[in-house]
Ligand code: SF4
Ligand code: SF4
């Protein structure tokens with residue numbers, strides 16, 4: 001066993017209201033600069049939807065080009081233009097500005113300076129890049145307007161695919177929000193794909209960072225990251241990414257997104273894991289076994305053998321105590337209610353999610369029972385509005401069983417707490433289910 005420590009996060013999706021406070025405060029802190037106007041280290045996606053950048057989950061889109069691994073590194077002295085050309089030829093499959101969105105501001109002057117006209121003046125959008133009026137054709141959360149509505153003839157293959165896969169009676173449309181940051185993966189493909197060796201994973205807490213002095217702007221990390229969580233700063237010519245707010249973490253303050261989250265849904269903390277098991281878990285042959293394999297890489301911070309090995313590995317005692325207090329291990333391994341995003345990407349993501357249980361009103365409508373009423377608990381799960389298959393595509397490589405198990409556990413917890421709060425004796429079966 002080789003014990004290492006990692007900063008990790010669990011987000012409870014039932015609590016996200018899509019207010020974007022996390023995105024805005026992160027932007028103010030980290031990407032409120034020229035060259036990264038289009039960049040959101042933290043974004044909140046509408047689901048079902050195309051995500052940000054658009055269709056990033058369609059991994060076939062990013063395949064191709066040369067794989068310039070570190071061994072194949074080209075040494076170019078002062079080769080700015082040559083490097084740019086080589087990047088274009090060797091790595092053509094990068095998201096374009098249209099896939100992110102053209103950042104804009106509003107022409108507020110127009111509100112006061114517009115000539116007298118029939119209608120109230122509006123502040124028209126103006127491109128932050130060209131300064132010209134912009135015709136916006138795509139932006140983050142554009143999918144809100146679609147609301148998951150059925151469009152089997154949609155021109156966009158992904159939207160058509162979603163429409164074909166998910167049950168779409170109009171009253172059965174569904175949506176929820178998926179906040180995303182860099183996953184600070186245990187097996188980061190961004191680092192593996194960087195020809196300059198500029199991306200590194202800090203050994204003390206696993207935070208993945210870009211060394212700005214070493215980055216040569218190849219952008220292999222942009223195509224190499226399956227979550228598309230590395231961005232190119234077109235002013236500096238360097239790659240940038242979420243830093244897990246390491247200067248704050250180092251002085252014991254949570255990340256900006258976690259501290260400002262209106263729904264209080266982000267749980268952050270240290271986890272201990274067995275570094276010897278990482279590659280084996282990432283290479284699990286069957287995609288359906290990946291969730292379980294990734295879960296088992298985490299070590300119980302209360303286990304005396306783990307504590308002993310952690311001490312031998314030089315992890316300070318107060319860090320071990322922090323891992324013991326952290327809710328992350330408990331949510332993933334003890335209560336087993338959190339799942340990784342796209343485990344089939346095999347980078348071993350370190351931001352996990354508690355899947356959304358569903359709008360309660362729907363359970364009431366479909367079963368005639370309140371969601372927390374244990375009398376009809378499992379029927380309620382069957383009547384969930386968000387199809388388990390859809391959640392399984394996100395969290396368990398398409399295997400519905402682990403997702404159903406999590407949802408049953410969440411419903412049981414709700415039911416249990418309802419009894420406790422009403423001063424009733426919790427039903428024995430539910431108490432057992434909650435553990
Ligand atoms: Fe690298 Fe992407 Fe993983 Fe972040 S999510 S560590 S950028 S591979
Ligand atoms: Fe969701 Fe919290 Fe972000 Fe609001 S601040 S969008 S509730 S994650």
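Numbering (UniProt numbering), first residue to last: 1 to 435. We put the beta carbon where it would ideally sit given N, CA and C, even for glycine.
Residue i CB to nearest heavy atom of ligand 1 below 6 Å
i           : result
residue 387 : no
residue 285 : no
residue 241 : yes
residue 196 : no
Local conformation of residue i per DSSP, three classes
i           : result
residue 117 : coil
residue 303 : coil
residue 354 : strand
residue 294 : helix
residue 141 : coil
residue 425 : coil
residue 419 : helix
residue 180 : strand
residue 5   : strand
residue 108 : coil
residue 405 : helix
residue 390 : helix
residue 216 : coil
residue 58  : coil
residue 348 : coil
residue 249 : helix
residue 321 : helix
residue 339 : strand
residue 399 : coil
residue 412 : helix
residue 313 : coil
residue 289 : helix
residue 272 : strand
residue 23  : helix
residue 95  : coil
residue 194 : coil
residue 260 : helix
C-alpha distance - residue i paired with residue j, whole-angstrom precision
i           : j           : result
residue 67  : residue 187 : At residue 67, the pLDDT of 45 sits below 50, so the modelled position is not reliable and the matter cannot be decided from this model.
residue 106 : residue 127 : 9 Å
residue 221 : residue 239 : 8 Å
residue 135 : residue 123 : 13 Å
residue 415 : residue 316 : 40 Å
residue 409 : residue 388 : 14 Å
residue 271 : residue 137 : 42 Å
residue 385 : residue 178 : 17 Å
residue 189 : residue 129 : 30 Å
residue 427 : residue 311 : 42 Å
residue 185 : residue 112 : 50 Å
residue 201 : residue 6   : 10 Å
residue 104 : residue 125 : 6 Å
residue 174 : residue 319 : 41 Å
residue 300 : residue 11  : 20 Å
residue 352 : residue 132 : 41 Å
residue 485 : residue 332 : Absent from the model: residue 485. The displayed extent of the chain is 1 to 435, so no value can be given.
residue 286 : residue 273 : 22 Å
residue 14  : residue 117 : 46 Å
residue 207 : residue 323 : 16 Å
residue 191 : residue 115 : 55 Å
residue 262 : residue 397 : 30 Å
residue 392 : residue 229 : 22 Å
residue 197 : residue 283 : 23 Å
residue 404 : residue 237 : 45 Å
residue 411 : residue 50  : 29 Å
residue 24  : residue 298 : 32 Å
Any non-hydrogen atom of ligand 2 closer than 6 Å to residue i Cβ
i           : result
residue 263 : yes
residue 21  : yes
residue 354 : no
residue 26  : no
residue 268 : no
residue 221 : no
residue 16  : yes
residue 179 : yes
Closer than 6 Å: residue i CB and nearest ligand 4 heavy atom
i          : result
residue 44 : Of the ligands this structure carries, namely ligand 1 and ligand 2, none is ligand 4.
Those residues which DSSP pairs with residue i across a bridge
i           : result
residue 209 : 200
residue 47  : 176
residue 127 : 104
residue 10  : 267, 352
residue 133 : 126
residue 230 : 241
Interface flag, residue i vs chain C, CB-CB below 7 Å
i           : result
residue 246 : This model lacks chain C altogether; it includes just one protein chain.
**Prompt:** Mind listing, in chain order, the residues whose beta carbon lies closer than 6 Å to a non-hydrogen atom of ligand 1?
**Reply:** 182, 183, 184, 185, 188, 189, 190, 208, 225, 227, 229, 230, 241, 347
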